[in-house]
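Each protein sequence line maps, in turn, to chains A and B. Its first residue numbered 6, the first sequence is counted upward by one per residue in the working numbering. Its first residue numbered 6, the second sequence is counted upward by one per residue in the working numbering.
2 protein chains.
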Amino acid sequence: MKKILNHPDDFVDESISGILLAHSNFLTPVEGEPRAIIRKDAPVQGKVAIATGGGYGHLPVFLGYVGEGMADGVSVGNVFTSPSADAMFEVTKAIDGGAGVLYLYGNYFGDKMNFDYAAELAADEGIRVETVRVSDDVASAPFESKDKRRGVAGLFFVYKIAGACAEAGASLDEVKRVAEQALESVRTMGVGLAPCIIPASGKPTFEIGADEVELGIGIHGEPGIQKQQLATANEIIAQLLEHLVSDLNVKSGDEVCVLVNGTGSTPLEELYIAYKEVHEWLAKKGIQIYRPFVGEYATSLEMAGLSLSLLKMNDSLKPFMDAPARTPFIRL
Amino acid sequence: MKKILNHPDDFVDESISGILLAHSNFLTPVEGEPRAIIRKDAPVQGKVAIATGGGYGHLPVFLGYVGEGMADGVSVGNVFTSPSADAMFEVTKAIDGGAGVLYLYGNYFGDKMNFDYAAELAADEGIRVETVRVSDDVASAPFESKDKRRGVAGLFFVYKIAGACAEAGASLDEVKRVAEQALESVRTMGVGLAPCIIPASGKPTFEIGADEVELGIGIHGEPGIQKQQLATANEIIAQLLEHLVSDLNVKSGDEVCVLVNGTGSTPLEELYIAYKEVHEWLAKKGIQIYRPFVGEYATSLEMAGLSLSLLKMNDSLKPFMDAPARTPFIRL
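Here it is as structure tokens:
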């Protein structure tokens, strides 16, 4: 295992420590709870607060989305492991500005269990909590049971929309409604070329042949739709888009935001080749691109591959997409 | 070779095409010269223009630094290969706003030859050109012959400082003087864990053992100071800092900007572990951090490793460091 670290057991804590040292003007841990990190200016009085959280190893997901116009606080687990309900509860108390808290996170069993328990603890303290679980990965379950899908890079779009809505002063019910609208409008599918290695185990997250890719892979190496021969960028992007456009029911004349997301070790140069293919494929179908995003928005350590997300736009989402956002990792 | 591309011969052109499609509001190619890319608002009348360029495969170096407060135009070569003097000359003509042009690029033989020839062509057209070649890689030549050193991630700091100086309305002589001051104040050293593969050849840039790292590696896989056993983040960072601090003559009470740069496939999580080590090492020596940067600022496709740059600060550099900058890849 060739990684820049000290000891695998300290991987998460030392990495968070580096983030807090580098960005102490933006982020602060909750006292006594180093895995609960909040905006430096939290709680923002009168604003709906957004709490997120999940396993480590997906930067900028989740910690990187804490900042103005996005999330207010995050609980951080070990690599690919849910954080504790205690950390979630500490975040909740620290960010509540009196207008309630939205729990916004990816749809995984451990996270759901712990966030649900934290919500009970919060209710006992008189803090109103609502929940939206992002489930954008079309490869992880069929349309008929889309509530069972995993949450992947589409999280970015839901943070962006819900965060802007909260920043604009909307009520908790309204922020939840808008987050659900964003969730209904987003789909993601990925392709994996090579696994990452989890520091604590020293093991790769999946096995794959030298000339194979895994279509529909999850961000922890969960199996996708199929293993297949490595194809051209043109062919891979067409496969992903056919699934996304069909599932999201995007048609000629529609507008979408596009996210070409690198999963960790994919060069930006390759992501832009992929973006060119996306742009040309959508143009041929008469689908307009409202705004493109290309880069690393949800990673799996050094996993090689990419994911493609589409967010179907409408006039009510545009002001939230266009609003500024500023975290140590994302500036829009 | 497992990459997301169509044909290796089209790698650069298709990737640039994706960048121009995604960022057409910021960037435009010079007519008839697709490898000459300029700011959309170029030429900015009365402003000193900054031209850069070099081989492809180092994003955001070089193309990613074209934008407000940084460079005005770029000529793009094939992967790890100098662009043509023609492309450089086309950039020069397209960005000159009447106040002259600074050529600011990394110290490599091919780039020097072509930029020098482009400067002659520009002189024939009555455009004044001055040149600053960045040579920040301490591992590539001893202090006594530091003009022979290669240009690596420290380019970022020189773009930032010189770009802000030009944006503030300084003369060509003044922008050159400030760029040279930044160059005198910056040092970089890298460590390589695994090579990248050049698309056209399908070959890795260097050979390395499963438990080895190469200290002082160049951004094209040029040999460094030594191959050594993989050590802890703490030990690697101490090695790099000892070289940098000695070469730059940084002492207790001095202030530096820090850049922990990922070379392509290094997870951000590891870069922040490295940053923690940098922060603690410098604190012990009484060296203050003026501003930290952690992320991918100069890559080598999917090479694994990192580089560490220090910029010794003084009061005259601070306003240039703090000025805003905005490109499709960098927002400060």
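Think of the CB as a built atom: it goes at the ideal place given N, C-alpha and C, for glycine as much as any other residue.
Query, Result
"Checking contacts by CB at 8 Å: is His284/B closer than that to chain A?", "yes"
"Residues bridged to Ala54/B by DSSP?", "Val106/B"
"Could you check the C-alpha separation between Ala41/A and Tyr70/A for me, to the nearest Å?", "14 Å"
"Kindly indicate which three-state DSSP category Glu170/B falls into: helix, strand or coil?", "In the sequence as displayed, the identity of residue 170/B is Cys instead of Glu. Correct three-state label for Cys170/B: helix."
"Given a limit of 7 Å on CB to CB distance, which residues of the segment 17 to 50 of chain A reach chain B?", "Glu19, Ser20, Ser22, Gly23, Ile24, Leu26, Ala27"
"Could you tell me whether the segment 316 to 327 of chain A touches the segment 168 to 176 of chain A, where touching means 3 or more Cβ pairs closer than 8 Å?", "yes"
"Considering only their Cβ atoms, is the gap separating Pro65/A from Thr304/B smaller than 8 Å?", "no"
"Given 8 Å as the limit, is there contact between the segment 141 to 159 of chain B and the segment 204 to 224 of chain B, that is, 3 or more CB pairs closer than that?", "yes"
"Which runs of the beta strand (DSSP E) fall wholly inside the segment 222 to 294 of chain B and span at least 3 residues, in chain order?", "231 to 234, 260 to 267"
"Excluding sequence positions up to five away, which residues of its chain have a Cβ less than 7 Å from the Cβ of Leu160/A?", "Val66, Gly111, Val139, Ala303"
"When you compare only the Cα positions, how much space is there between Met308/B and Met93/B?", "27 Å"
"Given a cut-off of 8 Å on the beta-carbon distance, is the pair Val96/A and Val35/A in contact?", "yes"
"If you follow the alpha helix (DSSP H) that Arg182/A is in, where does it begin and where does it stop?", "177 to 189"
"Output, in sequence order along the chain, the residues in the segment 221 to 252 of chain B whose CB is closer than 7 Å to any CB in chain A.", "Leu235, Thr237, Ala238, Asn239, Ile241"
"I'd like to know if Ser314/A contacts chain B, where contact means its C-beta is closer than 8 Å to some C-beta of that chain.", "no"
"What is the rounded straight-line gap between the Cα of Asp252/B and the Cα of Val191/B?", "10 Å"
"Using the three-state DSSP reduction, which class does Glu307/B fall into: helix, strand or coil?", "strand"
"Span of the alpha helix (DSSP H) holding Ala128/A?", "114 to 129"
"By Cβ distance below 8 Å, which residues in the same chain neighbour Asn30/B in space, the five residues on each side in sequence not counted?", "Lys45"
"Cβ closer than 7 Å: which chain A residues qualify as neighbours of Glu260/B?", "Result: empty, since nearest Cβ-Cβ is about 16 Å, beyond 7 Å."
"Compute the beta-carbon to beta-carbon distance between Ala288/A and Leu311/A, rounded to the nearest angstrom, for a pair I have assumed lies under 8 Å.", "At roughly 20 Å, the Cβ-Cβ gap does not stay under 8 Å, so Ala288/A and Leu311/A are not in contact."
"Strictly under 8 Å for the Cβ-Cβ distance: is Thr271/A near chain B by that measure?", "yes"
"For Thr332/A, which of helix, strand or coil comes out of DSSP?", "coil"
"Would you grab the beta carbon distance between Val106/A and Val134/A for me? Rounded to a whole angstrom, and I think it's under 8 Å.", "5 Å"
"When the Cβ atoms of the segment 79 to 87 of chain B are set against those of the segment 109 to 129 of chain B, are three or more pairs found closer than 8 Å?", "yes"
"The alpha helix (DSSP H) spanning Ser22/A covers which residue range?", "16 to 27"
"Please name the residue in Gln244/A, Phe334/A, Lys98/A, Trp286/A whose C-alpha comes closest to that of Leu126/A.", "Lys98/A"
"Report the CB separation of Glu274/A from Gly62/B in whole angstroms; it is logged as a contact under 8 Å.", "6 Å"
"Would you check if the segment 236 to 252 of chain B and the segment 9 to 16 of chain A touch, i.e. whether three or more CB-CB distances between them fall below 8 Å?", "yes"
"Run the proximity test for Leu235/B: is its beta-carbon closer than 7 Å to any non-hydrogen atom belonging to the ligand COA?", "Because no ligand of any kind appears in the structure shown, any question about the ligand COA cannot be addressed here."
"What are the residues that DSSP puts in a beta bridge with Phe298/B?", "Leu264/B"
"Do you know how far the Cα of Gln231/B is from the Cα of Ala56/A?", "47 Å"
"Indicate whether at least one CB of chain B lies closer than 8 Å to the CB of Ala171/A.", "no"
"Grab the span of the beta strand (DSSP E) containing Thr136/B for me, first residue to last.", "134 to 139"
"Does any CB atom of chain B fall closer than 8 Å to the CB of Leu306/A?", "yes"
"Which whole-angstrom value is the C-beta distance of Leu177/B and Val255/B, which I expect to be below 8 Å?", "No, Leu177/B and Val255/B are not in contact; Cβ-Cβ is about 30 Å, not under 8 Å."
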